[in-house]
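Below: one structure, written as structure tokens.
Residue numbers (the numbering used here), protein chains in the order written: chain A, 1 to 105; chain B, 1001 to 1166.
What follows is the structure in structure tokens.
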């Protein structure tokens, strides 16, 4: 029997994975992938809660709408973030965050 | 969905998510992330969120991952050198993550409501049309605002990608 708590635990583990990736990796692209994992972990718990709150035989669609908007914003964020990474690479020829220690252009 | 399938897909998602962060080669990381997000969309299907699952595959496994691979190819990134990671950073990262996991486990263990089984759904319901109705009635304004956001993002990407900023 899979319960809501199983989904929440899996979602928390996925968030922790992404979080540790952001903290421990030095490649800016991998840090970005860790951010994606964290967003998706939040999506999983939102969908699980939406499925848990059933009214009239239908799941609570407010949670799923929030997931829809999160996915859209995440796609826009990836596009802008990768463009910034490309601009950064043009200026500095590196993707290692330890080489990017001056907060000026 | 049977518990075996749930745990298979959860393990697939978490395993390849870990592979994303462990791999030194960025292309291998991006491909692991695709598999991880496909496992996540299988979990969405198991929660009867068919529309969100399909959107997940289309947007993430399709568009976002192609973008990642394209940028990796454009920057011509090689597998990164094994660098000495500083001990405080390593300890801090591991400690914060361990604290977070402990916290989640404690919360989930004491959250009694979540131990009830999922309520059953109506025998037949149209997921995509319900979402469409919500989107164009109750969430109409956010839906249009998000269109503006995507327009701004795409213009911003073009401006950022230009070689010279005058």
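Just so it is clear, CB atoms sit at the ideal spot from N, CA and C, and this is done for glycine as well.
This structure is a prediction, so every number in the text was calculated from the model and none was measured.
Residue span of the alpha helix (DSSP H) that contains residue 1136 of chain B, given as start and end: Taking the second chain and counting its residues from 1, one reaches residue 1136 of chain B at position 136. Segment 1127-1137, the alpha helix (DSSP H) holding residue 1136 of chain B.
Three-state secondary structure assigned by DSSP to residue 5 of chain A: Within the first chain, numbered from 1, the residue matching residue 5 of chain A stands at position 5. In the three-state DSSP reduction, residue 5 of chain A falls in the helix class (H, G or I).
C-beta atoms of residue 4 of chain A and residue 48 of chain A nearer than 9 Å: Counting from one through the first chain, the residue named residue 4 of chain A turns up at place 4. Counting from one through the first chain, the residue named residue 48 of chain A turns up at place 48. Contact flag set, yes.
Rounded straight-line distance, which links the Cα of residue 1026 of chain B to that of residue 1071 of chain B: One-based indexing of the second chain puts residue 1071 of chain B at position 71. One-based indexing of the second chain puts residue 1026 of chain B at position 26. Rounded to whole angstroms, residue 1071 of chain B to residue 1026 of chain B spans 10 Å at the Cα level.
Chain A within 9 Å of residue 1074 of chain B, Cβ atoms only: As a first step, residue 1074 of chain B is located in the second chain; it is residue number 74 there, counting from the start. Yes, residue 1074 of chain B counts as interfacial toward chain A.
Buried versus exposed, by CB contacts within 10 Å (16 or more), residue 1048 of chain B: The residue given as residue 1048 of chain B occupies position 48 in the second chain. Answer is buried; the Cβ neighbour count reaches 16.
C-beta atoms of residue 1061 of chain B and residue 1034 of chain B nearer than 9 Å: Here residue 1061 of chain B refers to the residue found at position 61 when the second chain is read from its first residue. Here residue 1034 of chain B refers to the residue found at position 34 when the second chain is read from its first residue. In this structure, residue 1061 of chain B sits near residue 1034 of chain B, with a CB-CB distance shorter than 9 Å.
Local conformation of residue 60 of chain A per DSSP, three classes: The residue labelled residue 60 of chain A in the question sits at position 60 within the first chain. Here residue 60 of chain A sits in coil by DSSP.
Interface partners of residue 1168 of chain B on chain A, CB under 8 Å: Summary: the structure shown does not reach residue 1168 of chain B, with chain B confined to residues 1001 through 1166, and so no result is reported for it.
Boundaries of the alpha helix (DSSP H) in which residue 1026 of chain B is found, first to last residue: The residue you call residue 1026 of chain B lines up with position 26 of the second chain. Start and end: 1026-1046.
Option in B:1029, B:1097, B:1004, B:1006 with minimal Cα separation from residue 1016 of chain B: The residue you call residue 1016 of chain B lines up with position 16 of the second chain. The shortest C-alpha separation from residue 1016 of chain B is found at B:1029.
Distance CB(residue 68 of chain A)-CB(residue 1131 of chain B) smaller than 9 Å: The residue labelled residue 68 of chain A in the question sits at position 68 within the first chain. The residue labelled residue 1131 of chain B in the question sits at position 131 within the second chain. Yes, these two residues count as a Cβ contact at 9 Å.
Cβ pair residue 54 of chain A, residue 1120 of chain B closer than 9 Å: On the first chain, position 54 is the one that residue 54 of chain A refers to. On the second chain, position 120 is the one that residue 1120 of chain B refers to. Cβ distance < 9 Å, so residue 54 of chain A and residue 1120 of chain B count as in contact.
C-beta neighbour in chain B for residue 54 of chain A, strict 9 Å: Within the first chain, the letter at position 54 stands for residue 54 of chain A. Residue 54 of chain A counts as touching chain B.
Coarse secondary structure for residue 1115 of chain B, derived from DSSP in three states: Along the second chain, read from residue 1 onward, the residue named residue 1115 of chain B stands at position 115. DSSP places residue 1115 of chain B in helix when its eight states are reduced to three.
Closest by C-alpha distance to residue 40 of chain A, when choosing among A:65, A:63, A:14, A:50: For this step, residue 40 of chain A is matched to residue 40 along the first chain. Among A:65, A:63, A:14, A:50, the Cα nearest to that of residue 40 of chain A belongs to A:14.
Proximal residues to residue 61 of chain A (C-beta, below 8 Å), its chain only, five neighbours per side dropped: Taking the first residue of the first chain as position 1, residue 61 of chain A is located at position 61. Contacts found: 50.
Inter-residue CB distance, residue 1051 of chain B and residue 1128 of chain B (contact presumed, cutoff 8 Å): In the second chain, the residue the question calls residue 1051 of chain B occupies position 51. In the second chain, the residue the question calls residue 1128 of chain B occupies position 128. Contact holds; Cβ gap of about 5 Å.
Residue 93 of chain A, enclosing alpha helix (DSSP H) - first and last residue: By 1-based counting over the first chain, the position of residue 93 of chain A is 93. Per DSSP, residue 93 of chain A lies in no alpha helix (DSSP H) segment and is marked neither H nor E.
Enclosing alpha helix (DSSP H) for residue 39 of chain A [first to last residue]: For the purposes of this step, residue 39 of chain A is taken as the residue at position 39 of the first chain. From DSSP, the alpha helix (DSSP H) with residue 39 of chain A extends over 28-52.
Any chain A beta carbon closer than 9 Å to residue 1168 of chain B: It is not possible to answer for residue 1168 of chain B, since the shown part of chain B is limited to 1001 through 1166.
Unbroken alpha helix (DSSP H) run spanning residue 1062 of chain B, endpoints: Counted from its first residue, the second chain places residue 1062 of chain B at position 62. Unbroken run through residue 1062 of chain B: none, as it is neither H nor E.
Residue 1148 of chain B beta carbon near the ligand NAP (any heavy atom closer than 8 Å): This structure does not include the ligand NAP; it has no bound ligands of any sort.
Selection from A:23, A:8, A:19, A:12 that minimises the alpha carbon distance to residue 1088 of chain B: In the second chain, residue 1088 of chain B corresponds to position 88, counting from 1. Between residue 1088 of chain B and the set A:23, A:8, A:19, A:12, the nearest pair of CA atoms involves A:23.
Cβ of residue 1064 of chain B within 9 Å of any chain A Cβ: Residue 1064 of chain B sits at position 64 when you count from the first residue of the second chain. For residue 1064 of chain B, the answer is yes, since a Cβ of chain A falls inside 9 Å of its Cβ.
Short CB-CB distance (under 9 Å) between residue 100 of chain A and chain B: Counting from one through the first chain, the residue named residue 100 of chain A turns up at place 100. With 9 Å as the cut-off, residue 100 of chain A does not count as an interface residue toward chain B.
Neighbourhood of residue 1010 of chain B by C-beta distance below 8 Å, restricted to the same chain and skipping five residues each side: In the second chain, residue 1010 of chain B corresponds to position 10, counting from 1. Excluding residues within five positions, the ones whose Cβ falls inside 8 Å are 1039, 1043.
Rounded straight-line distance, which links the Cα of residue 33 of chain A to that of residue 1059 of chain B: Along the second chain, one-based indexing puts residue 1059 of chain B at 59. Along the first chain, one-based indexing puts residue 33 of chain A at 33. Each residue's alpha carbon lies about 15 Å from the other.
In DSSP terms, what residue 55 of chain A is bridged to: Your numbering for residue 55 of chain A matches position 55 in the first chain. Residue pairing for residue 55 of chain A: DSSP places it in a beta bridge opposite A:58.
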